[in-house]
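Beneath this line is the structure, given in structure tokens, with notes to follow.
In my numbering, the protein residues as written are -2 to 152.
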């Protein structure tokens, strides 16, 4: 029991030394709510990757500029008090607004356009497939595969 307690205390002390976070980053949301209601951890790299994709589609990819813009976005997101767990669309709107306000209107517009394209793709993928279960299990599986093929593969 004493060994476990010492091990726990040593781990706690080591974690306290490593996990010191600035106050600014500590106020960023820990979780983000997706469109389907699920939650995932907030990752700043997703913002950076999205901004880079937008810059790349404009023909002006710059990893340095993208990283600097991401840092600016994180700074202002940390100042924005989110009520509860923010949605991904809320964060995307904030990112677009911040990037526009720091003097990158073309990049902000392209980022917003790409986010809207992602939303429409997700809306299309959330369609449900309905299959009547009237026959044998083998027939039901065949009907399910056929309905899925019609909707997901051939549309």
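Beta carbons are placed, not taken as given, at the ideal position from N, Cα and C, and that holds for glycine.
Bear in mind that the values here come from a model prediction, so they are computed numbers and not experimental data.
Task: residue 67 (DSSP reduced to helix, strand or coil) - done: helix
Task: Simplified DSSP state of residue 37, which is helix, strand or coil - done: strand
Task: Where the beta strand (DSSP E) containing residue 30 begins and where it ends - done: 28 to 30
Task: Burial state of residue 138 (16 or more Cβ within 10 Å) - done: exposed
Open item on the list: Alpha carbons only, please: which of 132, 26, 64 is nearest the one belonging to residue 39?
Closed with: 26
TODO: Put residue 12 into one of helix, strand or coil per three-state DSSP.
DONE: With a pLDDT of 47 at residue 12, under the threshold of 50, the modelled position of this residue cannot be trusted; read the value that follows with caution. DSSP places residue 12 in helix when its eight states are reduced to three.
Task: Paired residues, beta bridge with residue 106 - DSSP - done: Note: residue 106 sits in no beta bridge, so no partner.
Task: Residue environment, residue 83, which counts as buried when at least 16 other CB atoms sit within 10 Å - done: buried
Task: Rounded straight-line distance, which links the Cα of residue 126 to that of residue 77 - done: 40 Å
- [ ] Please classify residue 101: is it buried, with 16 or more other beta-carbons within 10 angstroms of its beta-carbon, or exposed?
- [x] buried
Open item on the list: Under DSSP, the alpha helix (DSSP H) around residue 86 begins and ends at which residues?
Closed with: 85 to 98
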